[in-house]
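**Q** Numbering (this note's numbering), first residue to last: 829 to 980. Would you mind keeping the following structure in view while I ask a few things?
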Amino acid sequence: MLRTVRRALDTSARDPLSAIGEFLLTLVDEREMLVLPLIGGPVTDDPEAAALQREIVAALEELLATARAQGVVRPDATAVDLIATGALSCRPLPHLPVEQASALAARHVRIFLDGLRPDGARPLPPAPTNEDLTVHLHPVKGGDRGNGPSGV
């Protein structure tokens with residue numbers, strides 16, 4: 829994923845919104861190779877994984893800063909918005925053929941990109957930070973995360 833973000837950064841000076849779109853669409857195309865804890869993938873306390881996550885967030889923030897400076901992305905969009913959108917777009921729809929699911933994911937990415945534009949944007953609620961999200965992504969001893977029904 830970091831390689832994909834870096835490619836987007838390399839092209840962001842010319843067209844940052846297209847670079848964000850290519851980043852998200854590449855994630856969709858490569859979703860079978862990704863491990864995404866936000867949508868149920870395995871979680872880890874590995875310090876190298878945490879460092880990689882921080883590097884990805886920093887690169888995405890840099891990409892967004894370029895887009896904001898060019899006035900093509902709303903000021904309240906965050907790296908967490910891109911990460912969550914990427915993760916949700918990668919989530920397969922279980923009853924659709926792969927081609928239809930991919931086409932639908934691509935449509936959702938494009939709708940999201942239009943929502944990033946600053947024109948006519950309404951304020952968003954406060955954004956969670958990367959730490960707000962990742963604090964919930966730590967293995968729990970015994971496999972019980974404590975957030976489901978108990979005794980059922």
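Where is the CB? At the ideal position from N, CA and C, for every residue including glycine. All figures in this text were calculated on a predicted structure; none of them were measured in a lab.
For GLU890, does the three-state DSSP call read helix, strand or coil?
**A** Three-state DSSP puts GLU890 in a helix.
**Q** Looking only at C-alpha atoms, which of PRO956, PRO951, ARG835 and ARG831 sits nearest to ARG902?
**A** Measuring from the Cα of ARG902, the nearest candidate turns out to be PRO951.
**Q** Under 6 Å Cβ to Cβ from ASP947, same chain only, skipping five residues before and after it: list those, please.
**A** Nothing listed; no residue qualifies.
**Q** Please work out which residues of its chain come closer than 6 Å, Cβ to Cβ, to VAL937, disregarding the five sequence neighbours upstream and downstream, and give them in chain order.
**A** Result list for VAL937: LEU852, LEU853 and SER917, in chain order.
**Q** Sorted by chain position, which residues of the same chain lie with C-beta nearer than 8 Å to ARG945's C-beta, five sequence neighbours on each side aside?
**A** Excluding positions up to five away in sequence, the list reads LEU845, VAL900, VAL901 and ARG902.
**Q** Give, in chain order, every unbroken run of the alpha helix (DSSP H) that is at least 4 residues long and sits entirely within the segment 867 to 945.
**A** List check, alpha helix (DSSP H) in window: 875 to 897, 907 to 918 and 926 to 944.
**Q** What is the rounded straight-line gap between the Cα of GLU850 and the Cα of GLU890?
**A** If you take the alpha carbons of GLU850 and GLU890, they lie about 16 Å apart.
**Q** Is it buried or exposed for THR962, if we count other Cβ within 10 angstroms and need 16 for buried?
**A** By the neighbour-count rule (16 or more Cβ atoms within 10 Å), THR962 is buried.
**Q** Which of helix, strand or coil does DSSP assign to VAL963?
**A** If DSSP states are grouped into helix, strand and coil, VAL963 belongs with coil.
**Q** Where GLU876 and GLU858 are concerned, what is the direct C-alpha to C-alpha distance, given to the nearest angstrom?
**A** Looking at the two C-alpha atoms, the distance is approximately 22 Å.
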